[in-house]
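Asker:
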Amino acid sequence: CVDQTLVQRVFSAKSLGHAQGGCSLAGYLKILPPFLMVIPGMIARCFFEECRRSDGALFPKWCDTDLSTGQGANQAYPLLITRTFPDGLRGLMVVSMVLAMMSSLDSVFNCVATVFTRDIFVRFAHPTASERCQVWIGRLATVVAAACGFAWLPLLAGRSEGLYLATQSVMAHLSPTLVAVFFLGLLWPRASSAGALAGMLAGFALGISRWVLNSEATCGDKDVGSFYCMDFNHMVLIIFAVASAVTIVVSLLTVRPLETQLQGTCATAAATTGTAVGCSGLSALDPMHRRMLLDSGELLLAIMLVLCVGFGYSAEPTRGGQTTISGGVLCILCTGAVVVVAHLGMYGVLLWNRKQQGLDESCEEDRAHSGVQT
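Each residue of the sequence shown is one higher than the last, beginning at 4 in our numbering.
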């Protein structure tokens with residue numbers, strides 16, 4: 004729901020069940036990019052270290068570029084392709100990368116043009132705009148978006164930590180706000196549109212300002228706990244907490260959303276009377292499909308926790324009092340606990356929906372019985 008380039012694919016699904024299954028599959032595919040980006044870099048770094056260790060006797064071509072720096076690390080993947088792949092496969096890889104880039108840019112530009120034209124220009128500036136006018140506004144938005152993209156490249160290329168970490172840093176300062184708003188909107192029926200807007204404004208303001216300050220700051224080993232130099236992975240939690248708190252406070256101070264507005268938007272509200280689809284959209288599916296989606300979500304959550312917690316801990320054990328717990332054991336314990344809690348929470352949501360549906364059905368029976376007696 005956050006990435007509009009993926010939402011465009013979801014809109015083309017045959018049914019709600021197919022869309023949910025496609026989103027579940029996309030979640031598993033999202034696990035692959037870090038490995039596809041990191042492992043080739045590790046291979047190239049091994050070639051470079053072996054060349055430097057042997058003073059050029061082994062892999063002499065790899066001593067020309069220093070891959071130990073952030074700027075040099077950006078060249079690891081292209082160098083791996085040009086120096087190890089044969090001519091035919093090398094050309095195929097280059098064509099594949101160009102086509103993938105064109106596909107991604109096409110989706111991004113189409114998304115930007117559609118959102119700006121329909122949600123901003125037509126909605127606030129010119130509600131009676133003709134289709135021809137909207138097409139030209141969309142083209143203009145595409146040109147502006149492309150120019151902003153080109154202007155953004157030097158900022159990313161100039162980051163000392165390398166292109167991959169620079170990109171992840173930007174996303175880490177923006178994504179927590181969207182995740183917080185969507186998470187509260189999905190699980191808390193009291194969340195309002197005013198609260199979501201306030202939460203996004205506060206979260207984006209904090210994230211962008213912190214990223215700018217971090218880009219200009221000179222950080223040392225003793226500054227890792229400061230606001231300017233804190234690791235962006237830790238800053239994610241702060242931005243998420245701030246955006247969530249602002250959304251909750253403003254939602255409590257504003258008008259509660261109507262039940263009809265919650266239809267198809269949250270997982271805990273009751274189903275609207277007279278409709279077959281519950282608030283979560285799962286009640287429209289057959290039990291096997293619904294169970295498969297829930298199990299798939301739990302498995303995906305477990306895999307992500309294993310990757311995050313497992314790779315986050317070093318090989319050395321973590322001491323807690325008199326007990327020594329290794330990172331791997333702690334990862335398994337944390338993952339098991341969270342999966343159990345998530346499993347119980349999902350069952351709780353299903354039971355709540357069934358209870359509310361039962362109450363609605365009993366109310367309808369009482370009304371029908373009263374009408375018969377009258």
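Backbone N, C-alpha and C define an ideal beta-carbon position, used for all residues, glycine too.
Per DSSP, what kind of secondary structure is GLN137 in: helix, strand or coil?
Answerer: Reduced to three states, the DSSP call for GLN137 is helix.
Asker: Taking 6 Å as the limit between beta carbons, can you name the residues of its chain near ALA183, skipping five residues before and five after?
Answerer: Closer than 6 Å at Cβ, skipping near neighbours: PHE243, ALA246 and SER247.
Asker: Does chain D have any CB closer than 8 Å to the CB of LEU190?
Answerer: Here there is only one protein chain, and chain D is not present.
Asker: Taking contact to mean at least 3 C-beta pairs separated by less than 8 Å, is the region 254 to 265 in contact with the region 189 to 207?
Answerer: These segments touch.
Asker: Between which two residues does the alpha helix (DSSP H) harbouring MET96 extend?
Answerer: Unbroken alpha helix (DSSP H) run through MET96: 90 to 117.
Asker: Please work out which residues of its chain come closer than 6 Å, Cβ to Cβ, to LEU83, disregarding the five sequence neighbours upstream and downstream, and give them in chain order.
Answerer: PRO43 and ALA47, listed in sequence order.
Asker: Using only CA atoms, which one of MET105, ARG142 and VAL101 lies nearest to ARG121?
Answerer: Measuring from the Cα of ARG121, the nearest candidate turns out to be ARG142.
Asker: Helix, strand or coil for PHE62, going by three-state DSSP, please let me know.
Answerer: Coil, per DSSP.
Asker: Starting from VAL249, trace the alpha helix (DSSP H) both ways and give me its first and last residue.
Answerer: Counting along the chain, the alpha helix (DSSP H) containing VAL249 begins and ends at 235 to 256.
Asker: Contact check, LEU398 vs TYR31 under 8 Å by CB: the rounded distance?
Answerer: Outside the shown range of the chain (4 to 377) lies residue 398, about which nothing can therefore be said.
Asker: Alpha carbon to alpha carbon, what distance is there between VAL249 and PHE235?
Answerer: Distance between the alpha carbons of PHE235 and VAL249 is about 21 Å.
Asker: Quick one: what does DSSP say ASN217 is sitting in, helix, strand or coil?
Answerer: Helix.
Asker: Out of curiosity, what's the CA-to-CA distance linking CYS49 and LEU70?
Answerer: If I take the Cα positions, the gap works out to 10 Å.
Asker: Quick check on DSSP: helix, strand or coil for CYS232?
Answerer: It is coil, neither helix nor strand.
Asker: Please state if the CB of LEU158 and the CB of GLY210 are separated by a distance shorter than 8 Å.
Answerer: Contact: no.
Asker: If ALA149 sits next to PHE112, beta carbons under 8 Å apart, how far is it from one beta carbon to the other, in whole angstroms?
Answerer: Contact flag correct, Cβ pair sits at about 7 Å.
Asker: Take GLY202 as the anchor and find which of LEU187, PRO192 and ARG213 has the nearest alpha-carbon.
Answerer: The shortest C-alpha separation from GLY202 is found at LEU187.
Asker: With a 10 Å radius around its C-beta and 16 neighbouring C-beta atoms as the bar for buried, classify CYS282 as buried or exposed.
Answerer: At CYS282, the pLDDT of 46 sits below 50, so the modelled position is not reliable; the number obtained from the coordinates is stated separately. So CYS282 ends up on the buried side.
Asker: Given a threshold of 16 other Cβ atoms within 10 Å of its Cβ, counted over all protein chains shown, does MET238 qualify as buried or as exposed?
Answerer: Answer is buried; the Cβ neighbour count reaches 16.
Asker: DSSP state of ARG56, grouped into three classes?
Answerer: ARG56 falls in the helix class under three-state DSSP.
Asker: For PRO192 versus LEU92, is the C-beta distance shorter than 8 Å?
Answerer: Not in contact: PRO192 and LEU92 (Cβ atoms no closer than 8 Å).
Asker: Determine the burial state of ILE140: buried for a count of at least 16 other Cβ atoms within 10 Å of its Cβ, exposed for fewer.
Answerer: ILE140 is buried by the Cβ-count criterion.
Asker: Under the three-state reduction of DSSP, which class applies to CYS49: helix, strand or coil?
Answerer: CYS49: helix per DSSP, three-state reduction.
Asker: For a quick check, are the C-beta atoms of GLY206 and THR170 less than 8 Å apart?
Answerer: Cβ atoms of GLY206 and THR170: not closer than 8 Å.
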